[in-house]
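J.: Heads up: the sequence shown begins at 0 in numbering that gives the first Met the number 0, then just goes up one per residue.
Using N, Cα and C, we set each Cβ at its ideal position, and we do this for glycine too.
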Amino acid sequence: MSRPAERGIRAQLVATAQALHQRGWVANHDGNVSARLGPDRFLVTPTATSKAAVEERGLLEVDGRGNRVAGSGRPFGELGLHLAIYAARPDVAALVHAHPPHATALACSGARLLDRPFIAEAVVSLGPTIPTVPFAPPGPAAAEALAHTARDHDAVLAANHGAFAWGADLEMAYLRLELVEHLARIAALAQATGGLHYLPDSALPALLQSRARAGLGAAADRAADHLAAAQKPVVACAPAPHSPTPTIAPGQQRSEVAALIREEIVRALRER
Ligand SMILES: [Zn+2]
0 MSRPAERGIR
10 AQLVATAQAL
20 HQRGWVANHD
30 GNVSARLGPD
40 RFLVTPTATS
50 KAAVEERGLL
60 EVDGRGNRVA
70 GSGRPFGELG
80 LHLAIYAARP
90 DVAALVHAHP
100 PHATALACSG
110 ARLLDRPFIA
120 EAVVSLGPTI
130 PTVPFAPPGP
140 AAAEALAHTA
150 RDHDAVLAAN
160 HGAFAWGADL
170 EMAYLRLELV
180 EHLARIAALA
190 QATGGLHYLP
200 DSALPALLQS
210 RARAGLGAAA
220 DRAADHLAAA
230 QKPVVACAPA
240 PHSPTPTIAP
250 GQQRSEVAAL
260 IREEIVRALR
270 ER
């Protein structure tokens with residue numbers, strides 16, 4: 000990466016860290032921000048520092064195993080969680096973690112209000128689900144759980160902890176975290192004022208296709224692939240010679256095809 004581009008990322012990382020504090024999404028030394036500088040090089044915030052006090056000269060560079068390669072001081076303790084997500088998602092170049100109050104409240108209550116979509120635009124930006132990963136202290140188990148979830152998602156709640164969001168650059172990661180907090184606030188208000196009503200399932204295919212078309216990264220592409228696979232007609236195995244050939248119309252759903260195959264099997268068993 001050219002030095003001017005790297006300088007831009009350093010300035011943006013500091014601005015992002017300070018924004019976490021300004022928005023009231025962190026307290027004390029909470030929260031951390033990182034950005035990918037190269038194939039095995041990451042820029043990260045220092046440990047034990049208020050996000051209001053992060054400066055460019057305090058940033059550190061680490062490799063993919065978390066070893067410091069530039070800067071003084073120590074990287075934050077949750078670095079292993081960031082590195083696991085980067086390893087699982089080569090398309091991700093920035094990651095933001097904080098404890099935004101509404102999102103963190105949902106992560107602590109176990110209400111799981113963000114498991115299903117209730118605002119169409121948010122499905123395009125973040126997909127149909129913002130999952131909650133079970134509580135685990137920062138370490139290999141937490142890293143593995145986050146990395147596994149990161150394959151299909153761009154933001155998660157971490158139970159009894161906070162929220163993580165990632166993206167192709169720092170702005171995308173930050174805006175995704177902002178959206179998670181906004182959705183959590185809306186969900187909590189809706190729940191308190193009559194109940195949260197979710198989008199109908201029939202609205203999802205078009206929204207997921209829009210998400211994939213917007214080029215929002217591997218999770219968006221995979222969601223569209225899952226959808227296409229679910230909608231693809233499946234060719235049934237050859238029927239017994241004495242059975243009528245089952246006809247499968249183009250676009251027939253997998254569940255219908257499975258039902259057809261089941262009927263075929265039942266008929267073949269009866270005729271034995
Ligand atoms: Zn944390």
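Taking the straight line between their C-alpha atoms, what separation do you get for P45 and R35?
T.: Roughly 15 Å separates the two Cα atoms.
J.: Apply the 10 Å Cβ neighbour rule to A51 and answer buried if 16 or more other Cβ atoms are within range, or exposed otherwise.
T.: Exposed.
J.: How should N27 be labelled, buried or exposed, when 16 other C-beta atoms within 10 angstroms of its C-beta is the threshold for buried?
T.: When all chains shown are included, N27 counts as exposed.
J.: Tell me, which residues are paired with F163 by DSSP?
T.: Its beta-bridge partners are H96, V155.
J.: Taking the alpha-carbon positions, what's the P38 to A211 distance?
T.: Their backbone Cα atoms lie some 25 Å apart in a straight line.
J.: Between the alpha carbons of L12 and S33, how many angstroms are there, rounded?
T.: Going by the C-alpha atoms only, they are around 7 Å apart.
J.: Is any non-hydrogen atom of ligand 1 found closer than 7 Å to the C-beta of G161, if you look at the structure I gave you?
T.: Result yes, Cβ under 7 Å from ligand 1.
J.: What does E272 pair with, by DSSP beta-bridge criteria?
T.: This structure does not reach residue 272, given that the chain is present from 0 up to 271, and the question cannot be answered.
J.: Is the Cβ-Cβ distance between L145 and I129 less than 8 Å?
T.: Cβ distance not < 8 Å, so L145 and I129 don't count as in contact.
J.: Can E77 be considered in contact with ligand 1, in the sense that its beta carbon sits closer than 7 Å to one or more heavy atoms?
T.: Yes, Cβ of E77 sits closer than 7 Å to a heavy atom of ligand 1.
J.: Pair every Cβ in the stretch 159-171 with every Cβ in the stretch 91-105, then say whether three or more of these pairs are closer than 8 Å.
T.: Verdict: yes, contact present.
J.: Can you tell me which of Y197, M171, S1, A141 puts its alpha carbon nearest to the alpha carbon of D153?
T.: Nearest of Y197, M171, S1, A141 to D153, Cα basis: M171.
J.: In three-state DSSP terms, what is T15?
T.: Of the three classes helix, strand and coil, the one that applies to T15 here is helix, per DSSP.
J.: Looking at the secondary structure, which residues open and close the beta strand (DSSP E) in which G79 lies?
T.: No beta strand (DSSP E) holds G79; the alpha helix (DSSP H) holding it covers 78-87.
J.: Rounding to the nearest angstrom, what Cα-Cα distance links Q17 and V53 in this structure?
T.: Near 7 Å, if we compare the C-alpha coordinates of V53 and Q17.
J.: Who are the near neighbours of A10 in its chain, counting only those whose CB is closer than 8 Å to its CB and skipping five residues on each side?
T.: Answer for A10: E55, listed in chain order.
J.: Tell me where the beta strand (DSSP E) around S33 begins and ends.
T.: Start and end: 31-37.
J.: Look up T103 in the DSSP assignment and give the residues it is bridged to.
T.: Answer is none; T103 lacks a bridge partner.
J.: Mind checking V68: buried by the 16 CB within 10 Å criterion, or exposed?
T.: Exposed, since its Cβ has fewer than 16 Cβ neighbours within 10 Å.
J.: On the DSSP bridge list, what partners appear for P74?
T.: Its beta-bridge partners are P45.
J.: Quick one: Cα of A86 to Cα of G57, how far?
T.: Between A86 and G57, the C-alpha separation is close to 25 Å.
J.: So what's V132 in DSSP terms, helix, strand or just coil?
T.: Reduced to three states, the DSSP call for V132 is strand.
J.: Check the C-beta distance from V61 over to L78 and give it rounded, since I have them as a contact under 8 Å.
T.: That belief holds up - the Cβ atoms of V61 and L78 are roughly 7 Å apart, short of 8 Å.
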